[in-house]
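Numbered per my numbering, the sequence shown spans residues 526 to 605. Below: one structure, written as structure tokens.
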Amino acid sequence: MKLIKRAKEILDIEADAIKDLKKRIDNNFKRAVNLILSTKGRVVISGMGKTGIIAQKFSATLSSTGTPSLFLHSAEAIHG
């Protein structure tokens, strides 16, 4: 069945993409994590459009795992 074959191809592509992420984990990643963990107040996550949706999810994940955070829409940030 073409549908099952295509689904498996897509999963292979996604698995390869996840494996490739290992190459990007370096000292910059460690520094970013340490900055987030050492923050005294809230972590502000910003974005708009698709990145805004991802930023909202990331902010929610941080909050639910014990790191206070909030989402700020990039276009609304200029209004104070």
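Here a beta-carbon is modelled for each residue, glycine too, at the ideal position from N, C-alpha and C.
* To do: Give the straight-line distance between the Cα atoms of LEU536 and VAL569, rounded to the nearest whole angstrom.
  => Cα to Cα, LEU536 sits roughly 33 Å from VAL569.
* Pair within 7 Å by beta-carbon distance, SER571 and LEU597 -> A contact, by the Cβ cut-off of 7 Å.
* How is the alpha helix (DSSP H) around GLY572 delimited, first residue to last? -> Counting along the chain, GLY572 sits inside no alpha helix (DSSP H); it lies in the beta strand (DSSP E) bounded by residues 568-572.
* Asked: CB-CB under 8 Å to SER599, same chain, minus the five flanking residues each way: which ones, in chain order?
  -> Counting only Cβ-Cβ distances below 8 Å, and skipping sequence neighbours, we find SER571, GLY572, MET573, GLY577.
* Paired residues, beta bridge with PHE596 - DSSP -> BP columns for PHE596 point to ILE570.
* Should ARG567 and LEU587 be called a contact, given that it needs their Cβ atoms to be closer than 7 Å? -> No. Outside cutoff.
* **Alpha carbon of ASN559 to alpha carbon of ILE603, nearest angstrom** => It is roughly 28 Å from the alpha-carbon of ASN559 to the alpha-carbon of ILE603.
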